[in-house]
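Chemist: Numbers 25 to 436, taken from the working numbering, label the letters of the sequence shown in order. Ideal Cβ placement from N, Cα and C applies to all residues, glycine included. This structure is a prediction, so every number in the text was calculated from the model and none was measured.
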Amino acid sequence: GLTYDVVVVGGGAAGLSTAASILKRRGGITLAIIEPSGSHFYQPGWTLVGGGVFKQSQTRRSEKKLIPAGADWVQAAATGFEPEANLVHLSDGSSIRYEVLVVATGLTLDWDAIEGLSETLGRNGVTSNYRYDLAPYTWQMVQTLGRGNAVFTQPPMPIKCAGAPQKAMYLACDAWRRRGLGDNINVSFHTATPGLFGVKEFVPPLMDYINRYHIDLCLKSNLTKVDGKGRIATFENVAADGSKTTSEVEFDMLHVVPPQRAPDVIRNSALAGDGGWVSVDPATLRHTKFANVFALGDVAGTSNAKTAAAVRVQAPVVAVNVLATLDHKPAVADYDGYGACPLTVERGKIVLAEFAYGGKLAPTLPTWLLNGRKPTHLAWFLKEWVMPALYWDGMLRGHELMVAPHKIGTPR
Ligand code: FAD
Numbered sequence: 025g026l027t028y029d030v031v032v033v034g035g036g037a038a039g040l041s042t043a044a045s046i047l048k049r050r051g052g053i054t055l056a057i058i059e060p061s062g063s064h065f066y067q068p069g070w071t072l073v074g075g076g077v078f079k080q081s082q083t084r085r086s087e088k089k090l091i092p093a094g095a096d097w098v099q100a101a102a103t104g105f106e107p108e109a110n111l112v113h114l115s116d117g118s119s120i121r122y123e124v125l126v127v128a129t130g131l132t133l134d135w136d137a138i139e140g141l142s143e144t145l146g147r148n149g150v151t152s153n154y155r156y157d158l159a160p161y162t163w164q165m166v167q168t169l170g171r172g173n174a175v176f177t178q179p180p181m182p183i184k185c186a187g188a189p190q191k192a193m194y195l196a197c198d199a200w201r202r203r204g205l206g207d208n209i210n211v212s213f214h215t216a217t218p219g220l221f222g223v224k225e226f227v228p229p230l231m232d233y234i235n236r237y238h239i240d241l242c243l244k245s246n247l248t249k250v251d252g253k254g255r256i257a258t259f260e261n262v263a264a265d266g267s268k269t270t271s272e273v274e275f276d277m278l279h280v281v282p283p284q285r286a287p288d289v290i291r292n293s294a295l296a297g298d299g300g301w302v303s304v305d306p307a308t309l310r311h312t313k314f315a316n317v318f319a320l321g322d323v324a325g326t327s328n329a330k331t332a333a334a335v336r337v338q339a340p341v342v343a344v345n346v347l348a349t350l351d352h353k354p355a356v357a358d359y360d361g362y363g364a365c366p367l368t369v370e371r372g373k374i375v376l377a378e379f380a381y382g383g384k385l386a387p388t389l390p391t392w393l394l395n396g397r398k399p400t401h402l403a404w405f406l407k408e409w410v411m412p413a414l415y416w417d418g419m420l421r422g423h424e425l426m427v428a429p430h431k432i433g434t435p436r
């Protein structure tokens, strides 16, 4: 098989950003990106597709056009890892050898974990912003629903962009309010989590909107089954004393966020740690056992918010550490756990939650300019107009815009 200085597995947000950052820092090295898909998706845009703000097509581009100059694209999936031998096995039957490996496969959406869900997705009012093809159906349902029950769900953690389940709901509620339907549509939010949001500072502004939209908030309520034709969703509820009960809820519209897990190819490999995620040092993002392996993005076994915002900061950290490893030097850059979740609480306003490891608040802009604990027009402007450009033309091309130099790490 072929040998490369660097092999990047996954050409999503993390894989492309890291590859571009490595090649921008040092030309002349050999680098391969293993990615089976011919399309790349800007997933943060799907919330705005489901909210009727973006067109679906704005969130998809050809993978080929995004592969950075100097990288080879291997259009195949990784099917196995042999880190002792520096080998990755591919779906076309071949293998590829590396000096340094970067794992960036993202996570697996487990639609089949919910009984009856797969066969009714996209029909009977059952939708999800977590899929490119279904996000437009969310907006279609929002526009056509005149009365009845709208149910929104969130699975157990960890999930990517933990705010996205409620973002879909607030944008729907806002659209209904503008059409004067606020009293006709009963909205409920069923989340398997014990709280509305994991970082306490952001709960009060979100609760304001739960109250404003008269949303029935059901904590520790986990979707287990969907009967599409009968329009019934079944939840498992955990009571205060820990006892479990089952409840059935009738719906006219059901927005589902599926359970999420580490991909099987990672889970079943020597790279896996807790929960099947890649076991890495939370600061250097280097594998805890294999010194020439790094992981970032959703597949990494770190406690940050699984977001593209986290990838924006992780990618240069991994790039710097990969190059140090090629030079047989120790890792030099540290990641602080930064992640961000722009909560679209109404059309035109966002609560921008930015935080690092341990839930430590980590605002990028000074608070007098943008207070993330309040809904602001500026945060919405960033989401609609700045973030997509920052993504396509900034991070995917290896430009470290808006990444404070101290976050890329100081020599240690
Ligand atoms: P991905 O971007 O998912 O890429 C993984 C890539 O790996 C894919 O291209 C896949 O084809 C490839 N792959 C998978 N298996 C293999 C294999 N075996 N071999 C080779 N390649 C493989 N983030 C934010 O920052 N802000 C937001 O507002 C936001 N909103 C979101 C809303 C929604 C509805 C969703 C779904 C996500 C949202 N996110 C948001 C999260 C963000 O999209 C992800 O955190 C980000 O894409 C993670 O990047 P990644 O490269 O790890 O994974």
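Kindly identify the DSSP beta-bridge partner or partners of Arg85.
Modeler: DSSP, once it has assigned bridges, lists His64 as partnering Arg85.
Chemist: Grab the span of the beta strand (DSSP E) containing Met231 for me, first residue to last.
Modeler: For Met231, no beta strand (DSSP E) encloses it; the enclosing alpha helix (DSSP H) starts and ends at 227-236.
Chemist: Between the alpha carbons of Ala286 and Asn153, how many angstroms are there, rounded?
Modeler: 20 Å
Chemist: Answer yes or no: the CB of Asn292 versus the heavy atoms of the ligand FAD, is any distance below 6 Å?
Modeler: Between the ligand FAD and Asn292, a heavy atom-to-CB distance of less than 6 Å is absent.
Chemist: Is there contact here, the region 303-319 with the region 158-176, by at least three beta-carbon pairs under 8 Å?
Modeler: With the cut-off at 8 Å, the region 303-319 and the region 158-176 do not touch.
Chemist: Are the CB atoms of Asp10 and Ser271 nearer to each other than 7 Å?
Modeler: Since the displayed the chain opens at 25 and closes at 436, residue 10 lies outside it and no answer follows.
Chemist: With DSSP run on the structure shown, which of helix, strand or coil describes Gly104?
Modeler: Here Gly104 sits in strand by DSSP.
Chemist: Could you check how far apart the C-beta atoms of Glu123 and Leu350 are, in whole angstroms? I think they sit under 8 Å.
Modeler: Yes, they are in contact, since the Cβ atoms of Glu123 and Leu350 sit about 6 Å apart, within 8 Å.
Chemist: One question on the structure: do Leu72 and Phe65 come within less than 7 Å of each other, judged by their Cβ atoms?
Modeler: no
Chemist: Give the secondary structure of Thr391 by DSSP, where H, G and I count as helix, E and B as strand, and everything else as coil.
Modeler: coil
Chemist: Would you tell me roughly how many angstroms separate the C-alpha atoms of Gly35 and Ser293, rounded to the nearest one?
Modeler: 20 Å
Chemist: Buried or exposed for Asp360, going by 16 or more other Cβ atoms inside 10 Å?
Modeler: By the beta-carbon neighbour count (other beta carbons within 10 angstroms, threshold 16), Asp360 is buried.
Chemist: By how many angstroms is the C-alpha of Ser303 removed from the C-alpha of Trp392?
Modeler: 38 Å
Chemist: Does any heavy atom of the ligand FAD sit closer than 6 Å to the C-beta of Thr129?
Modeler: yes
Chemist: Can you tell me whether Cys185 sits near the ligand FAD, meaning its C-beta is under 6 Å from at least one heavy atom of the ligand?
Modeler: yes
Chemist: Between the region 231-247 and the region 110-123, can you find at least three pairs of beta-carbon atoms closer than 8 Å?
Modeler: The region 110-123, when compared against the region 231-247, does not touch it at the 8 Å Cβ threshold.
Chemist: How about Thr368 and Lys191: are their beta carbons less than 7 Å apart?
Modeler: yes
Chemist: According to the neighbour-count rule (16 or more other Cβ atoms, all chains shown, within 10 Å of its Cβ), is Asp134 buried or exposed?
Modeler: exposed
Chemist: Considering only residues of the same chain and omitting the five flanking positions on each side of Leu220, which have a CB-CB separation below 6 Å?
Modeler: Val227, Leu230
Chemist: Rank Met165, Leu347, Ala324, Gly206 by C-alpha distance to the C-alpha of Val127 and give the top, closest one.
Modeler: Cα-wise, what sits closest to Val127 is Ala324.
Chemist: What is the DSSP secondary structure of Asp322, reduced to helix, strand or coil?
Modeler: helix
Chemist: Please confirm if the region 318-338 is in contact with the region 136-153, defined as three or more CB-CB distances below 8 Å between the two stretches.
Modeler: Judged by Cβ distances under 8 Å, the region 318-338 makes no contact with the region 136-153, as fewer than three pairs qualify.
Chemist: What did DSSP end up calling Thr434 once you bin it into helix, strand or coil?
Modeler: Low confidence applies here, because Thr434 scores a pLDDT of 47, under 50, leaving its location unreliable; read the following figure in that light. Coil, per DSSP.
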